[in-house]
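Residue numbers (our numbering): 117 to 273. Every residue, glycine too, gets a C-beta built ideally from N, C-alpha and C. This report refers to the structure that appears directly beneath it.
Okay, structure coming up:
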């Protein structure tokens with residue numbers, strides 16, 4: 117995957133590093149954060165909390181798609197692409213996931229482990245982050261906050 121070096125830390129209030137790379141489906145994906153609000157979902161196939169959260173994430177992605185919010189997954193720490201593809205198939209994940217085999221995307225956003233979430237507004241600014249397991253209610257609250265945001269950064273939990 118390719119990561120812009122313009123703002124390599126992905127901290128709240130900074131420009132989100134531009135992302136591009138190959139999806140698990142084998143397509144090339146270049147993400148322009150200025151096209152819509154974006155939820156980055158950092159996950160791994162072996163991650164228990166990721167498995168628990170995925171059905172709810174699917175529902176949120178479908179619910180908020182009409183409000184201009186897109187979800188993009190970043191598979192990290194899966195050293196076997198087949199396992200990651202099996203996760204996507206098992207949970208019927210409709211949004212694209214980049215395969216971060218080198219760890220460069222996780223490093224650009226200072227993500228240590230899955231699950232982790234980064235919320236980016238339509239200006240390309242990281243407005244919030246949530247590291248670790250989150251309840252469905254918490255995830256919905258975070259996505260709703262992004263949906264109604266005008267672009268002002270909010271503090272990390």
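Practice problem: Look up residue 247 in the DSSP assignment and say whether it is helix, strand or coil. | Solution: strand
Quiz item: In or out: residue 103 buried (at least 16 other Cβ within 10 Å) or exposed?
Solution: Missing from the structure shown is residue 103; the chain here goes from 117 to 273 and no further.
Exercise. For the beta strand (DSSP E) holding residue 190, just list the boundary residues, first then last.
Key: For residue 190, the enclosing beta strand (DSSP E) starts and ends at 185–192.
Quiz item: Any idea what DSSP makes of residue 149, helix, strand or coil?
Solution: coil
Self-check item: C-alpha distance - residue 156 paired with residue 259, whole-angstrom precision
Solution: About 11 Å.
Quiz item: Should residue 251 go down as buried or exposed, given a rule of 16 or more other Cβ atoms within 10 Å for buried?
Solution: Exposure of residue 251 is indicated by the presence of fewer than 16 other C-beta atoms within 10 angstroms of its C-beta.
Exercise. May I ask you to report which of helix, strand or coil DSSP gives residue 120?
Key: In this prediction, residue 120 has a pLDDT of 41, which is less than 50 and means its spatial position is unreliable; what the coordinates show is noted afterwards. Correct three-state label for residue 120: coil.
Practice problem: Could you please give the first and the last residue of the uninterrupted beta strand (DSSP E) stretch that includes residue 135? | Solution: 135–138
Self-check item: Start-to-end residues for the beta strand (DSSP E) that takes in residue 225
Solution: From DSSP, residue 225 is part of no beta strand (DSSP E); its letter is neither H nor E.
Quiz item: Going straight from the alpha carbon of residue 230 to that of residue 173, what length do you get?
Solution: 14 Å
Quiz item: According to DSSP, is residue 220 helix, strand or coil?
Solution: helix
Practice problem: Identify the continuous alpha helix (DSSP H) that holds residue 259 and give its terminal residues. | Solution: 252–264
Quiz item: Which residues in the same chain have their Cβ closer than 7 Å to the Cβ of residue 160, if we skip the five residues on either side of it in sequence?
Solution: Hits under 7 Å: 166, 191, 192, 193, 194 and 230.
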